[in-house]
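Asks:
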Amino acid sequence: MLTALNDKGKIVSLINVPKDFVKQNLSSHYYCPVCEGPLILKAGKIRIPHFAHKRFAKCAFLTTEPESPRHLLGKKHLYQHYKRKGFDVYLEYYLPEIQQRPDLFVKKGDLTYAIEFQCSPLPRQRLEERNAGYQKLDILPIWILGTTPYKKRKNKIFELTDFQFSLSKHNPHSGLTLLSYLPEKKAFLQLSKMISLTSTKLLGVLQEVSLLNNKKPSLNMNDNAYDSQIWLNEKRTWLQHKVYYGNLQEDPFLKEVYTSGHNPFLLPEICGIPVPHAHFIYEPPIVWQFYLYLDCLHGLPVGQKLSLKWVNQKIFTRIKNGSIAIREFPLDLHNLYSWKMTISEYFSMLITIEYLSKIGEDLFVIEKKVEIPKNAEEAIMKENAVFQKDILHNLYSTNH
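For this note's numbering, add 7 to where a residue sits in the sequence shown, where the first one is 1.
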């Protein structure tokens with residue numbers, strides 16, 4: 008903790024205290040603003056000066072994450088950052104109505120924000136509970152990750168944990184976005200325009216902005232994560248790994264591919280197409296698109312009509328029986344986006360590559376029959392023909 012009550016009941020902050028403050032005040036008494044229990048003033052070579060509860064203390068504040076050196080330093084930096092920007096900032100402000108204490112409580116005009124600097128993984132349920140508490144008081148929660156916004160990185164390819172996905176938020180201009188702050192670099196990192204490759208891997212745009220730079224991370228129109236060759240390579244690599252190391256008895260995707268009479272290496276080229284909001288579905292695009300093809304498009308003749316509502320019902324059946332899992336985003340408070348948008352975007356892609364045409368608000372017609380490749384060479388040729396269409400790249404850009 009960086010704030011405490013002194014003997015007179017006034018808040019004492021350890022932000023910007025002189026180096027000899029701790030030595031001069033070791034004999035002073037400090038108390039927790041939440042439980043009013045005694046606190047210990049500490050300082051060392053690793054941690055910045057801070058207050059700590061005594062051992063075995065019972066306090067609602069102790070239910071949050073331990074105060075790591077990174078957390079303490081990052082919280083201090085962010086406090087100073089928002090102060091410089093002219094905001095009203097309160098450090099570790101306790102909200103008794105909901106028994107929560109955000110790292111920073113910020114006021115800007117008529118708006119109030121709770122800024123949480125989250126350095127350690129937090130269960131989704133706890134994240135949702137804390138957000139719900141802030142919503143009760145009309146406070147907008149802002150979560151900033153205290154580590155890099157990815158688990159692994161290789162050029163445009165990033166791997167995220169489920170916790171990192173849970174702190175991501177949809178932005179009309181930058182798509183799915185994750186913001187983090189690195190105290191040791193004094194820099195914000197923003198990962199945006201994410202396009203799901205698999206359940207954990209994605210393409211994205213990474214930007215770094217110094218804490219001392221007042222500008223927000225901004226994207227140019229040309230900043231685009233999509234790369235058709237990377238996508239195809241990752242799709243094929245994932246499929247090979249799935250076939251070679253997957254368990255036919257335990258893997259529902261492989262089991263369904265084989266029992267339906269298909270060859271995993273000879274799937275239709277419409278299985279595994281990138282769509283902007285594919286991350287709403289936990290399974291990789293090749294999996295849920297194969298299910299959609301199998302349930303809704305397989306064997307349909309040219310001229311056959313079908314409605315998106317009927318297709319969504321088929322997908323919902325898959326969701327209910329566990330074939331498809333939906334990924335939730337706790338920071339999207341108003342739930343403006345959903346998996347139905349993902350399916351709609353996929354149909355837009357099928358129109359783009361001329362398999363469907365739209366003849367009504369919810370009605371489509373088959374323009375080209377989906378045919379199974381006869382061999383690996385034909386499968387690659389069909390895939391390349393789809394991914395060489397420049398309009399696929401353009402459609403992705405406009406959908407963000």
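C-beta atoms are modelled at their ideal positions from N, C-alpha and C, and glycine is treated no differently.
Whose CA, out of Glu-43, Lys-389, Leu-102, lies closest to the CA of Gly-16?
Replies: Among Glu-43, Lys-389, Leu-102, the Cα nearest to that of Gly-16 belongs to Glu-43.
Asks: Contact check, Val-377 vs Tyr-300 under 8 Å by CB: the rounded distance?
Replies: With 8 Å as the limit, Val-377 and Tyr-300 qualify as a contact, their Cβ atoms being about 7 Å apart.
Asks: Considering just the uninterrupted stretch of the beta strand (DSSP E) at Ile-122, what are its terminal residues?
Replies: Run containing Ile-122: 118-125, per the beta strand (DSSP E) assignment.
Asks: Is it right to say Ser-345 is buried, meaning 16 or more other beta carbons lie within 10 angstroms of its own, or is it exposed?
Replies: Ser-345 comes out exposed.
Asks: At 4 residues or longer, and completely inside the region 147-173: list those alpha helix (DSSP H) runs for me, N to C.
Replies: Runs of the alpha helix (DSSP H) inside the region 147-173: 169-173.
Asks: Under the three-state reduction of DSSP, which class applies to Lys-83: helix, strand or coil?
Replies: Reduced to three states, the DSSP call for Lys-83 is helix.
Asks: How many angstroms separate the CA atom of Phe-1 from the CA atom of Met-201?
Replies: The structure shown does not extend to residue 1, since the chain is modelled only from 8 to 407, so the question has no answer here.
Asks: Hey, out of Ser-187, Asn-240, Ser-235, Trp-238, whose CA is closest to Glu-215's CA?
Replies: Of Ser-187, Asn-240, Ser-235, Trp-238, the residue nearest in Cα terms is Ser-187.
Asks: So for Ala-392, helix, strand or coil by DSSP?
Replies: Of the three classes helix, strand and coil, the one that applies to Ala-392 here is helix, per DSSP.
Asks: In or out: Gln-320 buried (at least 16 other Cβ within 10 Å) or exposed?
Replies: It counts as exposed.
Asks: Using the C-alpha atoms, what's the distance from Lys-176 back to Asn-254?
Replies: Going from the Cα of Asn-254 to the Cα of Lys-176 covers about 34 Å.
Asks: Whose C-alpha, out of Leu-209, Ser-127, Ala-386, Leu-183, is nearest the C-alpha of Cys-278?
Replies: Per the Cα distances, Ala-386.
Asks: Go ahead and pull the three-state DSSP assignment for Ile-379.
Replies: Coil.
Asks: Compute the distance between the beta-carbons of Ser-203 and Phe-394, then report whether it is under 7 Å.
Replies: Cβ atoms of Ser-203 and Phe-394: not closer than 7 Å.
Asks: Buried or exposed: Thr-324, going by 16 or more other Cβ atoms within 10 Å of its Cβ?
Replies: Thr-324 comes out exposed.
Asks: Determine which residues share a DSSP beta bridge with Ile-333 and list them.
Replies: DSSP lists Ile-288 as partners of Ile-333.
Asks: So is Met-388 buried or exposed if we call it buried at 16+ other beta carbons inside 10 Å?
Replies: Flag for Met-388 reads exposed.
Asks: Please confirm whether Leu-218 and Lys-193 have their CB atoms less than 7 Å apart.
Replies: Result yes, Cβ atoms of Leu-218 and Lys-193 sit closer than 7 Å.
Asks: Have a look at Ser-199 and Phe-112 and give me their C-alpha separation to the nearest angstrom.
Replies: Approximately 26 Å between the Cα atoms of the pair.
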